[in-house]
Each structure stands twice: as structure tokens, then as C-alpha cells.
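These notes are about the structure you will find just below.
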Amino acid sequence: AQSVTQLGSHVSVSEGALVLLRCNYSSSVPPYLFWYVQYPNQGLQLLLKYTTGATLVKGINGFEAEFKKSETSFHLTKPSAHMSDAAEYFCAVSANTGGFKTIFGAGTRLFVKA
Amino acid sequence: DSGVTQTPKHLITATGQRVTLRCSPRSGDLSVYWYQQSLDQGLQFLIHYYNGEERAKGNILERFSAQQFPDLHSELNLSSLELGDSALYFCASSATFGTGELFFGEGSRLTVL
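Sequences listed follow chains A and B, in order. First residue of the first sequence: 1234, per my numbering; consecutive thereafter. First residue of the second sequence: -18, per my numbering; consecutive thereafter.
See the structure below:
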């Protein structure tokens, strides 16, 4: 079975500061990993994904994440926060265990201060 | 616009009632997923259909059922509703079988009074 743990339900940064959102996963088989963003009153949209290959993955809006198998982590970073980055971010894991379930973490709400 | 359409957007009903939520996936997507989002439970996976067949099941209550029709749209049926079923129900579709991006609809907000 897969699971996802996002450390910190709320993260607050100043505009221009580094954004770091933490995600650890558990999977009995090689996982596929995702970060999604949810703006108020909207559905989730994909920021980036790791399937195979290069462990540093670049996504939209300047976000990137690094898959570290030894640490079972997939932390999301952005060098410089913008006010428009304020949203809720979800880490997700999917794996083939006979069927696919994409399991989401509890989410981290990012606040960006001017 | 993700291309996934969910109806209705808002629904208010009473305990004990039954409702049906509808989802039209993106054109050509064979996979449909249903999720329940609530403040206390977060985003919970309910069920996955691929080309009309149920392929994975999550924490879906026995009072809930779903199906995917030949035209690939899907319906989530919720019966004997309880106050705790109040939540945002999302449908997502995918072109692939599990490994790809999920495209989410805007959700159906269910309020049970």
C-alpha cells in the first residue's frame, strides 16, 4: 500500500524567499510521484511529476522537486516565492499494485507575505 | 479549464436522501477517478474506473456506488446520506492507466442537512 506524509499543514514565506514543501512517501513498489496545486474553489492541477529517469523534475511556475529514493522523499522547492503562489499544495503517489490508486497527502497551505 | 465537467456544482439535501453526481471526462480519457475532499479527512480516493471497468477501490462506503458508462461518463451515487457525507466530491480523468497526470473537475459540493 502507498501513503504520503506532508510535513507542515501550513507554511508561510515572504515574497522572494525560498519555498520548501516537504513530502515523504511509502510504497512497496516503485512509485510515481506528483505535486498538485489547488487554488480556492478550483480543482487540483498538476505542477510536476516523477515517473522514471532524472530524479530532479522541473514543473510549471518555476517549481521543481527531487526524488530521493534513499530518503523516500519528494520535496517541492521554488527559489523565489511570488504572491500568486499562495495556494494549497498536495503531494501524491501512485503505484501499480494490481490497480492504480493515486493517494494524496493531507496538503500544505502556502502563505506568501508581502 | 481542465476539460472535465462535473454536475451539479452545488447540491443541498437532507439526511437519508440519495443523490447522483455526474462526471464527463476529457475527450478520449479512459480513466475516471472519484475523490472526496473534506476538512477533517483531506482528499480521499474513492474509486477508479478504466474503460467501463472498476480497477481500484479506496475508502468508499457501501452506501456509495459508482459506474462508468459506454460513453465514458461516470456517475457517483450516494445513498442514505448522513451529515458526515457533506464534502467536495471531485472527479478526475486520465489518458493513461494510473501513471499519468490526473485532470480534475471543479468538484460537486454536497451539503447534507
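Ideal Cβ positions, reconstructed from N, Cα and C, are used throughout, including at glycine.
{"Query": "A:Ala1298 versus A:Ala1347, A:Ser1242, A:Gln1278 and A:Leu1253, residue with shortest Cα-Cα distance", "Result": "A:Leu1253"}
{"Query": "Alpha-carbon spacing of A:Cys1324 relative to A:Ile1293, whole angstroms", "Result": "15 Å"}
{"Query": "Given A:Ser1242 as reference, the closest of B:Gly23, B:Leu2, B:Val13 and B:Asn32 once Cα atoms are compared", "Result": "B:Gly23"}
{"Query": "Per-residue burial, A:Val1246 [other beta carbons within 10 Å of its own, 16 or more giving buried]", "Result": "buried"}
{"Query": "Contact list for A:Phe1300 against chain B, beta-carbon separation under 9 Å", "Result": "Result: empty, since nearest Cβ-Cβ is about 14 Å, beyond 9 Å."}
{"Query": "Neighbourhood of B:Glu63 by C-beta distance below 7 Å, restricted to the same chain and skipping five residues each side", "Result": "Thr(-4) and Val93"}
{"Query": "Whole beta strand (DSSP E) elements within the stretch 12 to 51 of chain B, 3-residue minimum", "Result": "12 to 19, 23 to 31, 34 to 38 and 45 to 49"}
{"Query": "Secondary structure of A:Asn1274, DSSP reduced to three states", "Result": "coil"}
{"Query": "B:Leu2 in three-state terms, based on DSSP", "Result": "strand"}
{"Query": "Beta-carbon gap between B:Asn40 and B:Thr1 smaller than 8 Å", "Result": "no"}
{"Query": "Residue from B:Phe78, B:Arg44 and B:Cys72 whose Cα sits closest to the Cα of B:Asp66", "Result": "B:Arg44"}
{"Query": "Residue from A:His1308, A:Lys1302, A:Val1244 and A:Glu1304 whose Cα sits closest to the Cα of A:Trp1268", "Result": "A:His1308"}
{"Query": "First and last residue of the uninterrupted beta strand (DSSP E) at A:Asn1257", "Result": "Val1252 to Ser1259"}
{"Query": "B:Trp15 versus B:Cys72: straight-line alpha-carbon distance, rounded", "Result": "5 Å"}
{"Query": "7 Å Cβ shell around A:Leu1279 - same chain, five flanking residues per side excluded", "Result": "Phe1267 and Tyr1269"}
{"Query": "Residue-chain proximity (B:Tyr14, chain A), Cβ-Cβ < 8 Å", "Result": "yes"}
{"Query": "CA nearest to the CA of A:Lys1301, picked from A:Tyr1258, A:Phe1337 and A:Tyr1272", "Result": "A:Tyr1258"}
{"Query": "C-beta neighbour in chain A for B:His29, strict 8 Å", "Result": "yes"}
{"Query": "B:Phe26 beta carbon less than 8 Å from that of A:Lys1334", "Result": "yes"}
{"Query": "Within-8 Å CB hit, A:Ala1339 to chain B", "Result": "yes"}
{"Query": "7 Å CB neighbourhood of B:Phe85 in its chain, flanking five on each side removed", "Result": "Ser(-17), Val(-15), Phe71 and Ala73"}
{"Query": "Closer than 8 Å to chain A by CB, B:Ser67", "Result": "no"}
{"Query": "Rounded straight-line distance, which links the Cα of A:Pro1312 to that of B:Thr(-6)", "Result": "46 Å"}
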